[in-house]
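Enquirer: Below is a structure I'd like to ask you about.
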Amino acid sequence: MRKYLLIILAVLSIFACNPRHKKKKTKSGPINRFMTYHNTLFNSKESLAAEMESRDKAHVDNFYDPYISVYTTEDVTAEPTSFSSGPGGSNADFDAPMSPIRGMSRSQSANSASLSGVDNGKLSSIGGGSGASGNSGNANRKGATTLQITEAKATKAITKYSVLVNGVEKNKKIFDAYILLAKARMYQGKYLESLDALNYLFNTMSKDKRLPLASVYKAANYTKLKEYYRADEVFKDLEENPKIKLKKEHLKVLKVYQADNFLKWGKKELAAEVLEDAFTYNKERKTKSRIAFLRGQILSNLNRKDEARESFAAAYKYANSYEFEVKSQIEIAKTFDGKADSYEEAMAYLAKIAKKGTYASRKNELYYASGLVATSAAKDSIADSFFRKALKEKQSDPQIRGLTYSEIAKKYFSKDDYLTAGVYYDSALAVMTYLPEKERLTSLTANIKKLSKNYYVIKKNDSILSLTKMSPDAQREYFTKYIDKIKAKEAAAELEQRRADRSKGFDNADYNANSIFANNSSDANSFQNFGITGGSTFYFANANNIPRGESSFKQTWGNRTLSDNWRYSAKTTTIEELKNEALGLANAPDPRRLEPEFYMEKIPTSLEELGRLKKDRDTASLGMGRMYESFFGNTKLATKTLFDLVENKPDEETDLQALYNIFVFNYEKNPAEAEKAKQLILETYPYTSYAEYVKNPKNKDFNKSTADVEKLYADAYKLYETEKFAESSAIIDKAIADNPKDALVPKFYLLNAYNAGKNAGKEIMILQLEQIVLNYAKTPEGIKAKELLKYLKSDAKLELTDESGNVVSQKPQTQSTTKDEATVLKRELNQNEGRNTELPMPNGPGIPGQADSQVLQQVPSQTIETMKRKK
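Structure representation (structure tokens):
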């Protein structure tokens, strides 16, 4: 008995020595992974798939943007800078469950996750009340709630089933949860929070074989944050690190995002190369087609037309929609080279495709593509016929319809038919949907309208002036031919009207037979009897009422197109009427329009009226030349227009302006034309400010002034103060010649103008001040010169003489200035002292703080007296 007792005590002692708490088992086994997936992760995955499907169906490609996107599920417009994760931010509540990242206790994290639930009411507490997007603009997006569910379910799976042991995640399903969480946040535009989720994977699951996929999404987030260099570093590490083994399913995603990064980074050549690999790795037809289309756009932008055509052909081959097929064919047509490619083969190919019944609703687009090919082959008439055929077909894409109008407009614009071109451009604007192109055309049409106005003024006045040079017999012969054309046109219109009237004669059906409005009842007092004893009173059943109504309508409203709000539209609708209106031709027929005298009586005969027509014509021509350069950058046409104006012998002011503009337009682009204009200015107008300008064109590139130049300026100014004007001018001329780009050059010119006023007279001073205004209008010296001109030019008359004192220009218009007048003018100049305390030249060495009035007072009264120019 004692023996058994000792054994029992020994056993109890052994058990008593064992630790009371057993080691806690982890929950990382199969059961835990099963519960993780089927309890929460499955729902998260399904909600994300539903969102992706919804986005894919709602996606509409804009083929007129520079580039399309490969994936149709990433239409997020959130700005990276709006993703706040601080307290009270839109993402603060969603960050709360991420306890391993934010440092929150597991119990707090679980409590936060328990708020998620499934219903949208509870989800609002997680989303911060403003939706899942990183900015308020995405709060109303369709499908945002679905992404909230995805994020909330993934967060719940992490907080409930995560198994961390010594900083290492033991539950392998948590990797999927974090990937779902990162993708949900990325699709909402919350890129920083998405990076947080991915970084947690790198910290806790560093040995997982699926980490390359996390790296791909990490780089994608960097791209969306415009951190292109950091994204490129991630991609390089994935490709070059020998320890990383990429699977094919990872590579196909990697290549797409890598190409996107290169493209947004501006490295188009690299993007095209990577897309070629992406095309190989991706097997889905839709994705392959989109990759090929994007690559074609990039290659076309790089002017690699042959490669682009091959890529677009691949896009057509794998396309999964008729629209994508047709757009691929249009892009192929754009790559056609009229010199190197076969025109007949290209047109036959497009004609064959257009005959397919599957493209019946998109024939207009294929005709547009055929027109592009014909245009590239310089087959203008054929191209025009295809564009017009496209307009006759039913519209399938508003933007293509607008581009078709635009192509027709280009043809008229190249022929200088600006009004017709403007009409077609207006039609293009009315239907286009791509905003950048609409904005470009809006500006273009506005400029065309301004140009058209001048063009038709020139055409109208030239016609009138040409008629004035004809003899009466020649005028009669000219108008007789014009009247014959009117008769032929009216006869054709009358014949067409008769045919239309005869066609109406076939409509003789008896509308009274079964009409409730007919007077069929034998009872005169019946309800259907409206007091008319016979025949129908229904307006459109009365053959006599319709012609009268049509005639009355045309008299009141004119020819109208069938459209909404026709009452408020312009009455003139045809291009011919617009041209007649621009040329001043009346639309209403005149009883005497078939008499030559009717037109001959309107030809002006007075010199005053003819002079006005000539001046208006020349002014319009000057404006049109300027518009060619400023609106369209067409220097060649601008130069030709202005030289034609000069040959037409306008008045001196217009002639000088035309030559000056020719010089300015061609000074850098075409020196030969500029030199021609320069010589004409120097020969015809040698003593004008424009002549001084063309001798020394303005130079905008001024270097910082040096100490040597400042000393030269100080010396020149001291000589001016001591009334040694010739010596001062000599120093100035040498300083400008040696230092043409120095910052003090404008001030040298202004000081030289003062020297000229003292030494050569007021007229020469004015010429030099005008040159300063032309060359340096926005500098302080240019502003000062303009102020001085306002006073000095008021009574100045320039008289040019030769060595013997003989006048070399027109009659001299000298005007002596009395002492009293000079005193008044000088007082006006001195009154400027109170408003302008800045020197007309800089405070260089030796002249600190000198007032404006002191300089002006140094100009004696002889400066503002009229003096003859001495050699």
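Everything in the sequence shown is counted per my numbering, starting at 789 for the first residue and increasing by one. Don't be surprised by glycine CBs; every beta carbon is placed ideally from N, CA and C.
1. If you run the structure through DSSP and keep just helix, strand and coil, what is E957?
2. Here's the rule I'm using: 16 or more other beta-carbon atoms within 10 Å means buried, otherwise exposed. How should G1570 be labelled?
3. Please report the straight-line C-alpha distance between R1097 and D1020, rounded to a whole angstrom.
4. Specify the secondary structure class of Y792 as computed by DSSP and reduced to three states.
5. Which of the three DSSP states is assigned to D1204 in this structure?
6. Within 10 angstroms of the Cβ of P1438, are there 16 or more other Cβ atoms? Answer buried if so, exposed if not.
7. To the nearest angstrom, report how far apart L983 and S1116 are at their CA atoms.
8. Would you kindly report the start and end of the unbroken alpha helix (DSSP H) that includes G1399?
9. Check whether the region 991-1002 touches the region 971-983, taking contact to mean three or more Cβ pairs, one atom from each stretch, closer than 8 Å.
10. Name, in chain order, the residues that DSSP records as bridge partners for L952.
11. Beta-carbon within less than 6 Å of A965's beta-carbon, same chain only, minus the 5 sequence neighbours each way: which residues are those?
12. Would you call the region 1250-1268 and the region 1412-1430 touching, i.e. three or more CB-CB distances under 8 Å?
13. Got a sec? Which residues, its chain only, sit under 6 Å from R1078 by beta carbon, not counting five neighbours each side?
14. Would you mind giving the Cβ-Cβ distance between L1444 and L1410, rounded to the nearest angstrom? I have them listed as a contact below 8 Å.
15. Sorted by chain position, which residues of the same chain lie with C-beta nearer than 7 Å to L1576's C-beta, five sequence neighbours on each side aside?
16. Which residue marks the beginning of the alpha helix (DSSP H) containing M993, and which one marks its end?
17. For L1051, which residues in the same chain have their Cβ closer than 6 Å to its Cβ, ignoring the five residues on either side in sequence?
18. Please state whether DSSP places A1136 in a helix, a strand or coil.
19. Does the beta-carbon of I802 have 16 or more other beta-carbons within 10 angstroms, so that it is buried, or is it exposed?
20. What number of angstroms, rounded off, separates the C-alpha of D1660 from the C-alpha of E1397?
21. For E1181 versus Y1155, is the C-beta distance shorter than 8 Å?
22. By Cβ distance, which residues of its chain are closer than 6 Å to D996, with the 5 residues on each side in sequence left out?
23. Let me know the secondary structure DSSP gives V858 once reduced to three states.
24. How long is the line joining the alpha carbons of K1014 and D1025, rounded to whole angstroms?
25. Given a threshold of 16 other Cβ atoms within 10 Å of its Cβ, counted over all protein chains shown, does T1510 qualify as buried or as exposed?
26. Are the CB atoms of P1384 and R1264 nearer to each other than 8 Å?
27. Candidates D1503, I1450, T861, R1150: which alpha carbon is nearest L1539's?
28. Would the region 1185-1194 and the region 1207-1226 be scored as touching if the rule is three or more Cβ pairs under 8 Å?
29. Are the beta-carbon atoms belonging to A1007 and Y949 less than 8 Å from one another?
30. Alpha carbon to alpha carbon, what distance is there between A1209 and K1198?
31. Less than 8 Å between C-beta atoms, sequence neighbours within five positions excluded: which residues of the same chain meet that for L797?
32. Below 8 Å on the Cβ atoms is my guess for E841 versus T934; work out the distance and round it to an integer in Å.
33. Anyone know if the C-beta pair for L1179 and S1158 falls short of 8 Å?
34. Please identify the residue among Y1222, E1037, R1287 whose C-alpha is closest to the C-alpha of E1072.
35. For the candidate residues K1424, F1175, G1421, Y1200, whose alpha-carbon lies nearest to that of R1189?
Expert: Straight from the coordinates:
1. Sequence index remark: in the sequence shown, residue 957 carries index 169 (1-based). Correct three-state label for E957: strand.
2. For the purposes of this step, residue 1570 is taken as the residue at position 782 of the sequence shown. Label assigned to G1570: buried.
3. Within the sequence shown, the letter at position 309 stands for residue 1097. Within the sequence shown, the letter at position 232 stands for residue 1020. Rounded to whole angstroms, R1097 to D1020 spans 29 Å at the Cα level.
4. The residue you call residue 792 lines up with position 4 of the sequence shown. Here Y792 sits in helix by DSSP.
5. Here residue 1204 refers to the residue found at position 416 of the sequence shown. DSSP places D1204 outside both helix and strand once states are collapsed to three, so it counts as coil.
6. Start at 1 with the first residue of the sequence shown, and residue 1438 comes out as number 650. Counting C-beta atoms within 10 angstroms of its own C-beta, P1438 has 16 or more neighbours from the protein chains shown and is therefore classed as buried.
7. Working through the sequence shown from its first residue, we reach residue 983 at position 195. Working through the sequence shown from its first residue, we reach residue 1116 at position 328. Roughly 37 Å between the two C-alpha positions.
8. Taking the first residue of the sequence shown as 1, we reach residue 1399 at position 611. From DSSP, the alpha helix (DSSP H) with G1399 extends over 1395-1420.
9. The answer is no - the region 971-983 does not touch the region 991-1002, with fewer than three Cβ pairs under 8 Å.
10. Residue mapping note: residue 952 aligns to position 164 of the sequence shown, counting from 1. In the DSSP output, where bridge partners are listed per residue, L952 has E957.
11. As a working mapping, residue 965 is identified with position 177 in the sequence shown. Here A965 has L829, A942, A945, I946 as same chain residues with Cβ atoms under 6 Å from its own Cβ, once five neighbours each way along the sequence are excluded.
12. No: fewer than three Cβ pairs fall under 8 Å.
13. Numbered from its first residue, the sequence shown carries residue 1078 at position 290. When the five nearest sequence neighbours on each side are left out, the beta carbons in the same chain lying within less than 6 Å of the beta carbon of R1078 are those of V858, in order along the chain.
14. As a position in the sequence shown, residue 1444 is number 656, starting the count at 1. As a position in the sequence shown, residue 1410 is number 622, starting the count at 1. Not quite, the Cβ-Cβ distance comes to about 10 Å (not below 8 Å), so this is no contact.
15. Start at 1 with the first residue of the sequence shown, and residue 1576 comes out as number 788. Result list for L1576: L1557, in chain order.
16. Your numbering for residue 993 matches position 205 in the sequence shown. For M993, there is no enclosing alpha helix (DSSP H), since its DSSP letter is neither H nor E.
17. Translated into the one-based positions of the sequence shown, residue 1051 becomes position 263. Here the set comprises A1059.
18. Here residue 1136 is taken as the residue at index 348 of the sequence shown, counted from 1. When DSSP states are grouped into helix, strand and coil, A1136 belongs to the helix group.
19. Translated into positions along the sequence shown, residue 802 becomes position 14. Label assigned to I802: exposed.
20. Residue 1660 is absent from the structure shown; the chain starts at 789 and stops at 1659.
21. Taking the sequence shown and counting its residues from 1, the one referred to as residue 1181 is at position 393. Taking the sequence shown and counting its residues from 1, the one referred to as residue 1155 is at position 367. Closer than 8 Å, so yes.
22. As a working mapping, residue 996 is identified with position 208 in the sequence shown. Excluding sequence neighbours, D996 sits near F963.
23. If you number the sequence shown from 1, residue 858 lands on position 70. For V858, the three-state secondary structure derived from DSSP is coil.
24. The residue given as residue 1014 occupies position 226 in the sequence shown. The residue given as residue 1025 occupies position 237 in the sequence shown. Cα to Cα, the separation comes out at about 19 Å.
25. As a working mapping, residue 1510 is identified with position 722 in the sequence shown. Burial call: exposed.
26. Along the sequence shown, one-based indexing puts residue 1384 at 596. Along the sequence shown, one-based indexing puts residue 1264 at 476. Going by C-beta atoms, P1384 is nearer than 8 Å to R1264.
27. If you number the sequence shown from 1, residue 1539 lands on position 751. Between L1539 and the set D1503, I1450, T861, R1150, the nearest pair of CA atoms involves D1503.
28. Output reads yes: the region 1207-1226 touches the region 1185-1194.
29. Looking up residue 1007 in the sequence shown gives position 219. Looking up residue 949 in the sequence shown gives position 161. For A1007 and Y949, no; Cβs fall outside 8 Å.
30. Counting from 1 along the sequence shown, the entry for residue 1198 is found at position 410. Counting from 1 along the sequence shown, the entry for residue 1209 is found at position 421. As the crow flies, the alpha-carbon of K1198 is around 7 Å from that of A1209.
31. Here residue 797 refers to the residue found at position 9 when the sequence shown is read from its first residue. Nothing listed; no residue qualifies.
32. For the purposes of this step, residue 841 is taken as residue 53 along the sequence shown, with counting starting at 1. For the purposes of this step, residue 934 is taken as residue 146 along the sequence shown, with counting starting at 1. That belief does not hold up - the Cβ atoms of E841 and T934 are roughly 10 Å apart, past 8 Å.
33. For the purposes of this step, residue 1179 is taken as the residue at position 391 of the sequence shown. For the purposes of this step, residue 1158 is taken as the residue at position 370 of the sequence shown. For L1179 and S1158, no; Cβs fall outside 8 Å.
34. Start at 1 with the first residue of the sequence shown, and residue 1072 comes out as number 284. Out of Y1222, E1037, R1287, E1037 has the C-alpha closest to the C-alpha of E1072.
35. Residue mapping note: residue 1189 aligns to position 401 of the sequence shown, counting from 1. Comparing Cα-Cα distances from R1189 to each of K1424, F1175, G1421, Y1200, the minimum goes to F1175.
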